[in-house]
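Please read the structure below before turning to the comments.
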Amino acid sequence: MSWYESAVQKLDLPKIELFIKAGSDGETIGNCPFSQRLFMILWLKGVIFNVTTVDLKRKPADLQDLAPGTNPPFMTFNGEVKVDVNKIEEFLEEKLSPPSFPKLAAKHPESNTAGIDVFARFSAYIKNPRKDTNEVYGRT
Numbered sequence: 002m003s004w005y006e007s008a009v010q011k012l013d014l015p016k017i018e019l020f021i022k023a024g025s026d027g028e029t030i031g032n033c034p035f036s037q038r039l040f041m042i043l044w045l046k047g048v049i050f051n052v053t054t055v056d057l058k059r060k061p062a063d064l065q066d067l068a069p070g071t072n073p074p075f076m077t078f079n080g081e082v083k084v085d086v087n088k089i090e091e092f093l094e095e096k097l098s099p100p101s102f103p104k105l106a107a108k109h110p111e112s113n114t115a116g117i118d119v120f121a122r123f124s125a126y127i128k129n130p131r132k133d134t135n136e137v138y139g140r141t
């Protein structure tokens with residue numbers, strides 16, 4: 002039994018495994034904001050969890066069997082596979098709730114979507130190869 006499994010069992014905590022995109026070297030944590038977000042949520046909740054970096058160029062067969070057709074991030078929670086980042090966040094907030102774990106969800110849920118339009122327009126503005134058409138991204 003690993004130290005992780007031993008700690009989870011002794012502390013009666015859920016067994017959480019987070020699978021995230023690996024960096025360019027195939028081993029370190031990559032630059033995926035969704036992977037980093039889930040990592041931060043689990044870390045801020047104060048749970049013990051195991052992280053596995055997944056090299057997308059050499060994705061192991063056992064991971065393809067675990068979450069077929071899915072790229073990281075995804076996780077297992079007590080053996081149950083979760084693949085949708087937004088649903089994972091909601092699930093973690095529900096399962097890892099006060100008083101044992103801190104509440105991280107926004108006080109006003111609508112604030113989660115407030116910046117989506119701004120981000121989408123900014124992203125399109127940055128990626129636009131035709132700078133003469135950028136004024137369309139400044140309007141609402």
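For the sequence shown, the working numbering gives the first residue as 2, with consecutive numbering after it. C-beta: ideal position from N, C-alpha, C; glycine also. The structure presented is a predicted model; accordingly, all values stated were derived computationally and were not measured.
(1) Use the C-beta contact count for glycine 31: other C-beta atoms within 10 angstroms, 16 or more gives buried, fewer gives exposed.
(2) Using a Cβ-Cβ cut-off of 8 Å (strictly less than) and excluding sequence neighbours within five positions of valine 86, which residues of its own chain qualify?
(3) Can you give the Cα-Cα distance for glutamate 91 and phenylalanine 50, rounded to whole angstroms?
(4) Which residue wins for smallest C-alpha separation from glutamate 81, given the options Tyr126, Leu45, Lys16 and Pro69?
(5) For methionine 2, does the count of other Cβ atoms within 10 angstroms reach 16, so buried, or fall short, so exposed?
(6) So what does DSSP say about phenylalanine 40, is it helix, strand or coil?
Walking through what the data contain:
(1) Buried, since its Cβ has 16 or more Cβ neighbours within 10 Å.
(2) Excluding positions up to five away in sequence, the list reads Phe35, Arg38, Leu39 and Pro74.
(3) When only Cα atoms are considered, glutamate 91 and phenylalanine 50 end up about 17 Å apart.
(4) For glutamate 81, the closest alpha carbon among the candidates Tyr126, Leu45, Lys16 and Pro69 is that of Lys16.
(5) In the assembly as shown, methionine 2 is an exposed residue. Its beta-carbon has fewer than 16 other beta-carbons within 10 Å.
(6) DSSP places phenylalanine 40 in helix when its eight states are reduced to three.
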